[in-house]
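Quick notes on the structure that follows.
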Amino acid sequence: MQYVPVYIDDLPEVDPFPFVLFSTMNGRFFPMLDHGQALDMAKRLQLKQNDQIWAYLAPEDFSGYLRLLYGQNTQDRHISRLRYLHDYFFPVEGVSLRVGTLFPCHLFTLNDQLEPSLILASHLRALSNQIEPELQEIYPLWIHRNDITAYEGYLHQCWSATANEKELNLEGGILLRMNACRVTYDLFRNEEVPQAVEAAKKVVQRLCLAILHNPHNYYSLLKVSDLWFNTFIHSVNVAVLSMGVGLELALDPATLQLLGLGGLLHDIGNIYLDPNLLLSSTRFNEETRKQFQGHVTHGEAFCQRYPEIPEEVTHIVAQHHERYDGSGYSQGLRGIDLDPLGQIVGLMEIYDALTNRQPFRRAYSPFQAYGHIINMGKAIQQNLLRTAIIATGKQNRYLQSAKQVTTTALTPLPQLPTL
Ligand SMILES: [Fe+2]
Ligand SMILES: [Fe+2]
64 MQYVPVYIDD
74 LPEVDPFPFV
84 LFSTMNGRFF
94 PMLDHGQALD
104 MAKRLQLKQN
114 DQIWAYLAPE
124 DFSGYLRLLY
134 GQNTQDRHIS
144 RLRYLHDYFF
154 PVEGVSLRVG
164 TLFPCHLFTL
174 NDQLEPSLIL
184 ASHLRALSNQ
194 IEPELQEIYP
204 LWIHRNDITA
214 YEGYLHQCWS
224 ATANEKELNL
234 EGGILLRMNA
244 CRVTYDLFRN
254 EEVPQAVEAA
264 KKVVQRLCLA
274 ILHNPHNYYS
284 LLKVSDLWFN
294 TFIHSVNVAV
304 LSMGVGLELA
314 LDPATLQLLG
324 LGGLLHDIGN
334 IYLDPNLLLS
344 STRFNEETRK
354 QFQGHVTHGE
364 AFCQRYPEIP
374 EEVTHIVAQH
384 HERYDGSGYS
394 QGLRGIDLDP
404 LGQIVGLMEI
414 YDALTNRQPF
424 RRAYSPFQAY
434 GHIINMGKAI
444 QQNLLRTAII
454 ATGKQNRYLQ
464 SAKQVTTTAL
474 TPLPQLPTL
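Mapping to my numbering: the sequence shown position 191 is 254, numbers consecutive.
What follows is the structure, given as structure tokens:
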């Protein structure tokens, strides 16, 4: 039987706790909290003895546990599982694991029921079968959100072992991308926003430096988000893609960073939408589309609330769904009334969405994606489209010669302006 791991601190306060909680020792499971017992502070502390921070549920109790967390509103089994992952777990990249190294946190994969299942307990050495490419593609790897700092330390350690501060190699690229995902994750959790915005600015500055130094790094900073609901991976991709287009347009470093921050924040308004709407795998109807479109005005209001966010970035967020012919939302602006940076982010967001898997369709190749975008006709400014094709075309050429692209010494660059 495959028990489902739950972090003890995540367990909700309910008395009595309606499920049996199991603990594990030497691969065997035994009950640590009986059905109907109170899960009070004393019991919690007792459960956490010997550094046991994970408990386990019988698989048949997992759906009930999710109902306990989210109430009865989420009837859809698939959505409640996605919400659980989204709220409590953070995706990690299989390629970041080094065979034979000690991994500092519990590592999970998803079974076909979208339940987290443990594949590597913390402080065990990673084996090659835990990081098989097929496994990564089908069921990406996850850690608990409380372990993000430990994972970051691990990446840093792997990176330090192979590079010095002046190099951005494969590990450095992963670390930088992970930092960017992490700050975006923090932004989307809507906690301590001013600090998260400052952290985002720093990360964007580093992304910008890496791309300016060597445009090949453009590719290595992108990530395919196999599970479509990873809004923050999408945000990082859009940031990097937009900066790549900005580089092709020879924009100055300060403007590139505005594009980067705009990319990270473009969908921040999603945090005010009903999560069930975002995680639903059905196409929108008229009503749900209207609700979804609200993310733009929510996002604009979010940006206006924080003086740390530059005004140019607020414009990007407010206009990333406007279209050149006026067919976009939320104001229906057109032509020269449009913010050029908002148009770049808007185009790259379409490109990233098309080239990643969505709940109702597979991922398109870059070629097919541009076919769709070209079919949008006058909605997209043609000069901008040409530039984007050139910029991402270069990126895709690098993609073919993958692995080697990132190993370049970073010569010191002049200090970049701070946003
Ligand atoms: Fe959006
Ligand atoms: Fe988006």
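We put the CB at the ideal spot given by N, CA and C, even for glycine. Bear in mind the structure is a predicted one, so any value in this text is a computation, not a measurement.
According to DSSP, simplified to helix, strand and coil, what is residue i?
i	result
glutamine 115	coil
proline 403	helix
isoleucine 237	helix
glutamine 421	strand
phenylalanine 153	strand
methionine 187	For the record, residue 187 in the displayed sequence is leucine; it is not methionine. Three-state DSSP puts leucine 187 in a strand.
leucine 110	helix
threonine 318	helix
phenylalanine 93	strand
isoleucine 21	A query on residue 21 cannot be resolved here, the shown segment of the chain reaching from 64 to 482 and no further.
leucine 170	strand
phenylalanine 365	helix
leucine 165	strand
methionine 104	helix
methionine 439	coil
valine 67	strand
valine 83	coil
leucine 336	coil
isoleucine 452	helix
leucine 120	strand
isoleucine 18	Since the first residue shown for the chain is 64 and the last is 482, residue 18 is missing from the structure and cannot be characterised.
proline 75	coil
Suppose the cutoff is 6 Å on Cβ atoms and the five residues either side in sequence are ignored; what does the same chain contact list for residue i look like?
i	result
glutamine 356	Tyr392
leucine 396	Glu385
leucine 84	Met95, Leu96 and Ala118
asparagine 300	Leu285 and Asp415
aspartate 249	Ala259
asparagine 242	Val266
asparagine 253	Ile334
alanine 381	Glu363
tryptophan 222	Glu234, Gly235 and Leu238
aspartate 210	Cys168
glycine 309	Leu319 and Leu322
Take residue i and list the residues in its own chain whose beta-carbon comes closer than 7 Å to its own, dropping the five residues that flank it on each side.
i	result
tyrosine 133	Ser143 and Arg146
leucine 312	Thr450
threonine 294	Phe251, Asp330 and Asn333
phenylalanine 423	Ser344 and Arg346
proline 75	Leu131 and Leu132
aspartate 388	Arg397, Lys441 and Ala442
tyrosine 433	Ile452
threonine 418	Ala426, Tyr427, Pro429 and Ala432
threonine 351	Leu340
aspartate 73	Tyr151
asparagine 446	none
alanine 25	Here the chain comprises residues numbered 64 to 482, so residue 25 is not present and cannot be evaluated.
threonine 87	Tyr119
isoleucine 413	Ile436
alanine 184	His169
arginine 188	Gly163, Thr164 and Leu165
Assuming the contact rule is C-beta atoms closer than 8 Å, residue i and residue j should be a hit. Round their C-beta distance to whole Å, please.
i	j	result
cysteine 168	histidine 207	7 Å
phenylalanine 80	glutamine 100	6 Å
glycine 127	phenylalanine 166	Wrong, their Cβ atoms sit about 31 Å apart, outside the cutoff.
leucine 491	threonine 247	Coverage of the chain is limited to positions 64 through 482, which leaves residue 491 absent and any answer about it impossible.
glutamate 215	arginine 245	7 Å
glutamate 371	glutamate 261	6 Å
Got a sec? Which residues, its chain only, sit under 8 Å from residue i by beta carbon, not counting five neighbours each side?
i	result
leucine 321	Pro373, Glu375, Val376, Ile379, Leu404 and Leu482
cysteine 6	This structure leaves residue 6 out entirely; the chain is present only between 64 and 482.
serine 180	Gln65, Val67, Pro68, Phe171, Thr172, Leu173 and Asn174
isoleucine 71	Arg107, Leu110, Lys111, Gln115, Ile116, Trp117 and Ala118
tryptophan 205	Leu148, Phe152, Phe153, Pro154, Val155, Leu170, Phe171, Thr172, Leu173 and Pro179
leucine 177	His141, Arg144, Leu145 and Leu148
For ligand 3, is there a heavy atom less than 7 Å away from the beta-carbon of residue i?
i	result
histidine 384	Judged by which ligands are present, ligand 3 is missing from the structure shown, whose ligands are ligand 1 and ligand 2.
(request) Kindly provide the chain-ordered list of residues whose Cβ lies closer than 5 Å to any non-hydrogen atom of ligand 2. (result) Asp330 and Glu412
(message) Three Cβ pairs or more, each shorter than 8 Å: is that satisfied between the stretch 153 to 166 and the stretch 353 to 368?
(response) no
(message) With a threshold of 8 Å, are at least 3 pairs of Cβ atoms found where one atom belongs to the stretch 407 to 416 and the other to the stretch 301 to 308?
(response) yes
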